[in-house]
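Under the working numbering, the first residue of the sequence shown carries the number 67, and numbering increases by one thereafter. The beta carbon of each residue, even a glycine, is placed where N, CA and C say it ideally should be. Heads up: the structure comes next, in structure tokens.
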Amino acid sequence: RAGYGGFGLPWARVSSFLGGGAEHAGGGGGDGAALRKFESRRSGRMLEASMLGEAFKVFDPDGKGYITEDDLGRVMASLGKSDASAQELHETMAQAARADREHKRVLYGDFIELMSSTERRRFREGEVMFRQGDPADGFYLLLSGSIDVIKQEEEGGGGGGKSGRTVDTLFAGEYFGETALLSHAPRQATMRCREPVEVLRLSREDFEAGFVQQSTGGGATRPCGKTEAMASAEATARQALGFIQMVSSMQRSTLRHGETAFVEGDVGDRFFIIEDGHITVENNGVVLNNLEAGGCFGELALLTGAPRNATVRCTSERCRLLSMGVADFSRLMRRSAAVHSDIETLARTRSATHPAAGDPHGTQGHAAAKG
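Dropping the structure here:
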């Protein structure tokens, strides 16, 4: 579908001020400038994950996780539409806030559909969305209903048949389908609706446009001083990091030059993605690694339960970081096999590349135990 997906869009009133209608926005700063910058970076098919997050934060700067009429009114005013009536704002919200029972809040799933090329799909009770072994066609966010995750297993007795075993049940707010897309493999399970279901679907092409292409770097050379294995593991992890930012609620923080995110011996309580700036990873005063925007750190202690084995320091004027706590990190690792594999491979490679930093809980054995 063309444009911002969606509802026939009174929200197109907002998008009309982004780009071609931007001359109405007046001024140069604030929300209007941020949204115009956002529009200038919008691809022809979909918004990159980081762009979706950036745009959502313009509407929701306080990190509530949803957009209200007040938020919409503030952004509209910054775009030169201060004459929007209360009734217009109410109608705009009502049509966009479909996932909210009172139609007063635009949740992130609705926002994704408004601002990208996702589509809504509905399935009946008992209907199979896809089967184990099918080619991966898209990524899904479950808006309502519940879905059984069924693994097909070979039956005993040499008959060659297969039986299905329900291994999990998904409920509204959960996502699925990313493992096959990120690992370029067939579907790993059959998904059957326990009741009527509504989902948001992002096609494989759009998913790859947003994550895979931005992660490969288009022929970028290996950073100076990094082994081929390290550079490869970090490049592979970037698509997982983009996905993490799309599906996770992350806390933003800022370090000034010389400040540390954590030091050797600290308890591992957060996982970090670098939004902007340059970071050094040090152990016993020796620089082990240099990281920049798009990279991550802090995964090893969360995977192994060991204390921090290095000090991480901001070496640019300012470093902007995104982070999540250990509970959210662990839940994400359990939820997505592909993300777990990429992040664990990165941790294992870093540990093997810098044995001086130590691996007290045996990252390599931990990875093998997880399969």
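Next item on the list: Specify the secondary structure class of His342 as computed by DSSP and reduced to three states.
Entry: The sequence shown places Asp at residue 342, rather than the His named in the question. Correct three-state label for Asp342: strand.
Next item on the list: Whole angstroms is fine: what's the gap from Leu388's alpha carbon to Ser229's?
Entry: 43 Å
Margin query: Please report the distance separating the alpha-carbon of Phe237 from that of Ile133.
Written below: 22 Å
Item checked: Residue from Val347, Met296, Leu357, His323 with nearest C-alpha to Arg384 -> His323
Next item on the list: Please state if the CB of Glu264 and the CB of Gly211 are separated by a distance shorter than 8 Å.
Entry: yes
Notebook entry, point to check: Does DSSP classify Asp234 as helix, strand or coil?
Noted result: strand
Checklist line | Ala202, DSSP secondary structure in three states | finding: coil
Checklist line | Where the alpha helix (DSSP H) containing Val392 begins and where it ends | finding: 392-401
Note to self: Taking 6 Å as the limit between beta carbons, can you name the residues of its chain near Thr282, skipping five residues before and five after?
What the structure shows: Low confidence applies here, because Thr282 scores a pLDDT of 39, under 50, leaving its location unreliable and the question unanswered by this model.
Check: Measuring CB to CB, does Leu325 end up less than 8 Å from Cys259?
Finding: A quick correction: the sequence has Glu, not Leu, at residue 325. No; because the gap between Cβ atoms is not below 8 Å, this pair is not in contact.
Next item on the list: Determine contact between the stretch 360-367 and the stretch 329-341, defined as no fewer than three beta-carbon pairs at a distance below 8 Å.
Entry: yes
Check: With respect to the alpha helix (DSSP H) encompassing Arg304, which residues constitute its N-terminal and C-terminal limits?
Finding: 294-313
Check: What whole-angstrom Cβ distance do Thr232 and Ile216 have, given they're in contact under 8 Å?
Finding: 5 Å
Margin query: In this structure, how does DSSP classify Thr415 when only helix, strand and coil are distinguished?
Written below: helix
Check: Using the C-alpha atoms, what's the distance from Asn350 back to Ala255?
Finding: 46 Å
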